[in-house]
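Below is one structure; the comments refer to it alone.
Numbering (this note's numbering), first residue to last: 2 to 84.
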């Protein structure tokens with residue numbers, strides 16, 4: 002028994018013989034080089050810039066959160082020792 006017959010017996014729908022290329026659209030956008038038939042660039046500068054922007058915002062947000070916690074702890078500590 003061949004693999005296609007085995008898959009068909011298991012209920013897996015057979016791929017259309019007339020289609021060429023990747024049937025599954027990967028959510029991450031990965032397309033093997035052998036299947037890449039469109040002319041999209043391999044590196045998208047906009048995605049890189051957006052990723053850097055998100056990283057910078059995450060770092061700045063983390064730094065501000067830590068600074069706010071330190072300021073709150075200092076104020077709380079000062080109130081406790083002032084009385």
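Here a beta-carbon is modelled for each residue, glycine too, at the ideal position from N, C-alpha and C.
query                                                                                                            : result
Please report the straight-line C-alpha distance between residue 48 and residue 61, rounded to a whole angstrom. : 20 Å
If you draw a straight line from the C-alpha of residue 30 to the C-alpha of residue 7, how long is it?          : 30 Å
Got a sec, what are the start and stop residues for the alpha helix (DSSP H) residue 4 sits in?                  : 4 to 10
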